[in-house]
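**Q** Take this structure first; my questions come after.
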DNA sequence: CGACAGATTATT
DNA sequence: ATAATCTGTCGT
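Residue numbers (my numbering): 11 to 217.
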């Protein structure tokens, strides 16, 4: 039996859901094998009010799942070669989502190593494109319902012991407001964070 | 329709 | 620093 997080968990603002996703377990079932990782870094994106969001200018063929119901996956191809996994949140039609930026590998590490070409374990899932490659996530999963408990879903984990930090989002462009919003959330000091310079900057610790 | 930037990564 | 090369946006 699987125990996916319920739709109600996702039916809130991305800015609320994002920090709550830290410590949750992402489960990918592929050919009967479980590949899982603990979520350690995320970024929240809103819709028409967030100049850094794919949803800022409204629906397109690529981002249409962002405008669907919460609790579904939004998977897109970036730079023509890497996939990124988002979790759709908020009310349907709003275009909110949370980007999963880094995982701490839990189960299926052997398979992740094979999929990632034998890089050191520290680099298996420490970036949005890397974790998709490690878990075999691509556009076929775009629009997938995460509340079914099939193929791809999320489960509750132990509440994180590490403090939660918030800072500016990585690699985004937009107006000053979008650049400065502290909507990147991560577990302080975790070894599997993405290799961004922000890791070394002082962070605002959430209560 | 052509140019170009991009929620990235591995390599030079 | 740069290449890999898919999408969307903006300008001609």
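Ideal Cβ positions, reconstructed from N, Cα and C, are used throughout, including at glycine.
None of these values were measured; they are calculated from a predicted model.
1. Just to confirm, is the Cβ distance from residue 82 to residue 75 under 7 Å?
2. Would residue 47 and residue 116 be called neighbours here (beta carbons separated by less than 7 Å)?
3. What residues are listed by DSSP as bridge partners for residue 86?
4. When the Cα of residue 38 is compared with those of 118, 108 and 200, which residue comes out closest?
5. Return the residue from the list 87, 60 and 181 that minimises the CA-CA distance to residue 71.
6. To the nearest angstrom, how far is the alpha carbon of residue 184 from that of residue 35?
7. Restricting to Cα atoms, I'd like to know which of 175, 201 and 59 is closest to residue 53.
8. Locate the alpha helix (DSSP H) running through residue 123, then write down its first and last residues.
9. Quick check on residue 155: does DSSP put it in helix, strand or coil?
10. Going by alpha carbons, who is nearest to residue 189 out of 67, 178, 199 and 140?
11. Nearest by alpha-carbon distance to residue 142: which of 31, 85, 73 and 58 is it?
12. What separation, rounded to the nearest whole angstrom, lies between the Cα atoms of residue 193 and residue 55?
13. Pick from 45, 77 and 132: whose alpha carbon is nearest that of residue 121?
14. Pair every Cβ in the region 23-31 with every Cβ in the region 121-137, then say whether three or more of these pairs are closer than 8 Å.
15. So for residue 26, helix, strand or coil by DSSP?
**A** Taking the geometry as given:
1. Residue numbering aside, residue 82 sits at position 72 when the first chain is read from its first letter. Residue numbering aside, residue 75 sits at position 65 when the first chain is read from its first letter. Closer than 7 Å, so yes.
2. If you number the first chain from 1, residue 47 lands on position 37. If you number the first chain from 1, residue 116 lands on position 106. Yes; because the gap between Cβ atoms is below 7 Å, this pair is in contact.
3. By one-based count along the first chain, residue 86 stands at place 76. Residue 86 is bridged to 94.
4. Taking the first chain and counting its residues from 1, one reaches residue 38 at position 28. Comparing Cα-Cα distances from residue 38 to each of 118, 108 and 200, the minimum goes to 118.
5. Here residue 71 refers to the residue found at position 61 of the first chain. Residue 87 is the option with its Cα nearest to residue 71.
6. Residue 184 sits at position 174 when you count from the first residue of the first chain. Residue 35 sits at position 25 when you count from the first residue of the first chain. Whole-angstrom Cα-Cα distance: 31 Å.
7. Counted from its first residue, the first chain places residue 53 at position 43. Here the closest residue by C-alpha is 175.
8. For the purposes of this step, residue 123 is identified with residue 113 of the first chain, where counting begins at 1. Run containing residue 123: 119-125, per the alpha helix (DSSP H) assignment.
9. In the first chain, residue 155 corresponds to position 145, counting from 1. Residue 155 falls in the strand class under three-state DSSP.
10. Within the first chain, the letter at position 179 stands for residue 189. Taking only the C-alpha atoms, the option nearest residue 189 is 178.
11. Along the first chain, read from residue 1 onward, the residue named residue 142 stands at position 132. For residue 142, the nearest C-alpha among the options comes from 85.
12. In the first chain, the residue the question calls residue 193 occupies position 183. In the first chain, the residue the question calls residue 55 occupies position 45. Going by the C-alpha atoms only, they are around 8 Å apart.
13. As a working mapping, residue 121 is identified with position 111 in the first chain. The option with the nearest alpha carbon to residue 121 is 45.
14. no
15. By 1-based counting over the first chain, the position of residue 26 is 16. Here residue 26 sits in helix by DSSP.
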